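Below is one structure, written out as structure tokens, with a few remarks after it.
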Amino acid sequence: MFKLATTSSIYFLIILPLISSLLCYVSRKRNVNYIIYLISTAVCLVIILKQILKVINFSKIANDFETSTISIIQEFQLDIISLFFLLIITYIKLITNSSFHFEFENKLSDELNQKTYAVLLLNIFAINSILLTNNIFNLFIFCEIYIFTFLAICSLASDSKVLKSTFNYYCLSSASSLLFLISFISIYLCFGETSFTKIVDNFALISSKNYWYLLLILFSITLAIILKFFPVWLFYNNIKSNNNLSDISIIEVFFVTCLLGIYLSLKFINSFFGNNLLFLKFNYDILLILLCAVMISYSSVKIVKEKHLKIIAINLSLSNFGLILLALAIQNIYSLKALFYFIITNVSSNLMLYIFAIFLKKNFRTSSIEQIYFPQKVHYLLNIFLKIFISFVIGIPFTLLFFANYYLCMSLFEYKYMAIVLAIIIMANFAYFKLGLNLFNSLYSSNNQEKENNFITNKLFNKKVFQITFFSNLAFIFFLIFNISYLEKFSNKFAQYFLL
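Residue numbers for the sequence shown follow this note's numbering, beginning at 1 and rising by one.
See below:
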């Protein structure tokens with residue numbers, strides 16, 4: 001009975017957004033569409049939270065219909081890794097799309113508003129399916145559904161630059177789909193299996209003899225994941241767009257699509273390449289470290305020199321992804337715990353800083369640090385938000401970024417490339433600290449009379465939505481910090497599961 005109830009929750013996470021999407025598509029009332037979206041996403045989040053203790057205790061929850069002829073469409077699995085990414089991405093979807101609710105209401109027609117929420121829920125359906133499926137061909141289908149919903153989300157902005165980037169991304173995604181399909185067909189023809197669990201049992205049998213075969217599959221899947229889930233260079237120039245609806249596509253690319261790419265990287269490494277001799281024969285970690293050095297160097301320079309908070313927030317995210325790759329290259333229990341905390345930091349701090357920058361851009365026509373000034377009496381709450389964010393950005397002790405850096409440094413003992421990795425960590429944290437100083441100077445500079453004259457008469461737009469979003473996020477951050485012992489247990493299980 002317990003197993004039936006638990007596996008039913010897996011199906012409910014997949015079916016609920018799909019049914020809600022259909023309801024939004026037939027609904028004609030604006031507020032009803034938003035309420036359906038909000039309830040559906042919130043229910044998914046509650047179901048995921050309820051499964052945490054079960055997954056931690058049992059490592060994984062899976063249905064196994066080996067005797068069923070329709071098992072190919074019923075193979076889904078919930079484990080520590082998929083649960084963690086489900087929780088993070090569902091939280092992102094709940095926060096961001098609720099923040100853009102008034103944009104949908106004011107700028108979209110009734111018909112477009114109806115279709116928008118239907119697409120957003122279909123997008124959640126695709127994400128949940130990607131994170132829960134245990135079948136390579138199901139994964140291919142759900143990835144394609146996700147890409148089509150992503151393209152639909154990008155088309156909302158009606159911005160020529162965003163649409164051009166979207167078209168280029170569609171071309172790369174099509175090439176990526178072919179690589180995925182060829183790789184999956186090759187795996188199926190070789191092993192006669194489509195389940196990740198069954199494939200991994202046979203994959204190690206050829207690892208000691210056919211290195212060229214493993215290397216070819218690894219290269220093909222890696223290239224496919226990069227093209228489909230890390231299109232950051234295509235959308236980077238759209239960050240400064242004044243169209244608020246284009247910010248939805250930026251958030252989707254830098255905070256959701258990249259997370260899916262990291263999840264699939266972890267899944268493929270754990271399922272196919274984690275325990276065979278490929279990683280002993282080929283020194284792959286130095287390649288990842290060099291890639292991280294390039295990413296973090298570029299983003300750190302941008303963070304120090306750039307004045308606009310929107311671009312700073314995105315470069316903080318890129319630096320964070322570089323540190324995640326660095327943790328993945330080291331691949332021990334401490335580095336994987338650091339990876340765990342870096343992902344949470346990216347969502348709780350960097351994403352909120354980007355939403356904060358959107359709010360500033362909309363209300364004050366700029367998100368530049370040099371031009372921001374909030375008089376204490378008029379914009380008190382906005383001033384408080386930015387002051388609190390300084391501590392999270394620079395990673396003072398007992399913040400989530402501090403724990404991430406602590407575990408990353410702990411992972412370097414007896415590591416052969418310790419000096420290179422330490423230099424990269426110092427570079428990234430110097431950029432964080434310099435940004436904290438810039439924000440501090442912006443808030444406490446005494447020479448701000450001209451800025452005060454520019455901003456004091458502005459009427460804030462969507463102030464209540466912004467305040468609710470930030471109070472909710474700050475409550476989430478402090479909840480995690482005050483319950484750090486439980487978070488530590490979760491991170492330990494996360495790291496141990498990946499290393500098994």
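Note that beta-carbon positions come from the ideal geometry of N, C-alpha and C, so glycine has one too.
Since we're looking at a predicted model, the values are computed, not measured.
Could you compute how far the alpha carbon of residue i sits from the alpha carbon of residue j?
i       : j       : result
Ile-394 : Leu-400 : 11 Å
Tyr-37  : Ser-129 : 17 Å
Gln-376 : Lys-387 : For Gln-376, the predicted structure reports a pLDDT of 47, less than 50, and the residue's modelled location is therefore unreliable. A value from the coordinates is still provided. Answer to the nearest angstrom: the Cα atoms are 12 Å apart.
Leu-108 : Cys-292 : 40 Å
Ile-250 : Ile-153 : 10 Å
Leu-316 : Asn-238 : 16 Å
Asn-97  : Lys-164 : 23 Å
Leu-264 : Gly-436 : 33 Å
Leu-439 : Phe-470 : 18 Å
Ile-173 : Asn-441 : Note on identity: in this sequence residue 173 is Ser, with Ile being the wrong assignment. Each residue's alpha carbon lies about 43 Å from the other.
Phe-191 : Ile-35  : 46 Å
Phe-84  : Leu-53  : 12 Å
Phe-184 : Ile-136 : 7 Å
Ile-124 : Pro-17  : 6 Å
Lys-267 : Thr-197 : 11 Å
Trp-233 : Ala-224 : 16 Å
Ile-468 : Tyr-169 : 34 Å
Tyr-236 : Phe-359 : 19 Å
Asp-110 : Ser-391 : 42 Å
Asn-105 : Asn-31  : For clarity, residue 105 is Glu in the given sequence; the question names Asn instead. If you take the alpha carbons of Glu-105 and Asn-31, they lie about 9 Å apart.
Asn-473 : Ser-99  : 12 Å
Lys-228 : Ile-147 : 8 Å
Phe-490 : Phe-340 : 9 Å
Asn-363 : Leu-290 : 41 Å
Thr-149 : Phe-413 : 44 Å
Ile-10  : Asn-134 : 12 Å
Are residue i and residue j close, meaning C-beta to C-beta below 8 Å?
i       : j       : result
Leu-288 : Leu-325 : yes
Leu-45  : Leu-132 : no
Lys-493 : Ile-56  : yes
Ile-145 : Ala-126 : yes
Ser-541 : Gly-322 : Outside the shown range of the chain, which is 1 to 500, sits residue 541, and nothing can be said about it.
Ala-495 : Leu-336 : yes
Glu-75  : Ser-186 : no
Ile-248 : Leu-151 : no
Phe-219 : Leu-181 : no
Glu-103 : Asn-242 : no
Ala-419 : Ser-319 : no
Ser-40  : Leu-121 : yes
Ile-92  : Phe-255 : yes
Leu-296 : Met-427 : Correcting the residue type first, residue 296 is Ile in the shown sequence and not Leu. Against a cut-off of 8 Å, the Cβ pair of Met-427 and Ile-296 comes out as a contact.
Ile-81  : Phe-498 : yes
Thr-345 : Ala-404 : yes
Asn-332 : Ser-271 : no
Ala-357 : Ala-313 : yes
Lys-434 : Val-294 : no
Cys-409 : Ile-425 : yes
Ile-47  : Leu-22  : no
Is it buried or exposed for residue i, if we count other Cβ within 10 angstroms and need 16 for buried?
i       : result
Lys-240 : exposed
Leu-515 : Coverage of the chain is limited to positions 1 through 500, which leaves residue 515 absent and any answer about it impossible.
Val-301 : exposed
Ala-175 : exposed
Asp-159 : buried
Phe-142 : buried
Ile-15  : exposed
Asn-138 : buried
Ser-8   : exposed
Ile-70  : A caution first: Ile-70 carries a pLDDT of 40, below 50, which makes its placement in the model too unreliable to give a value.
Ile-167 : Per the sequence shown, residue 167 should be read as Phe rather than Ile. Exposed: under 16 other Cβ atoms inside 10 Å.
Ala-42  : exposed
Val-253 : buried
Leu-178 : exposed
Phe-466 : buried
Ala-475 : exposed
Can you tell me whether residue i sits near the ligand GDP, meaning its C-beta is under 7 Å from at least one heavy atom of the ligand?
i       : result
Asn-244 : The ligand GDP is absent from the structure shown, which contains no ligands of any kind.
Could you round the C-beta distance between residue i and residue j to whole angstroms and report it? I think they count as a contact, below 8 Å.
i       : j       : result
Ile-369 : Leu-309 : 7 Å
Ser-246 : Val-162 : 5 Å
Tyr-407 : Tyr-334 : 5 Å
Is the region 113-122 touching the region 16-36 in the sense that three or more CB pairs, one from each, lie closer than 8 Å? yes
Are there three or more Cβ pairs, one per stretch, closer than 8 Å when the region 399-414 is compared with the region 475-490? yes
State whether the region 82-101 contacts the region 259-267, with contact taken as three or more CB pairs (one from each stretch) at a distance under 8 Å. yes
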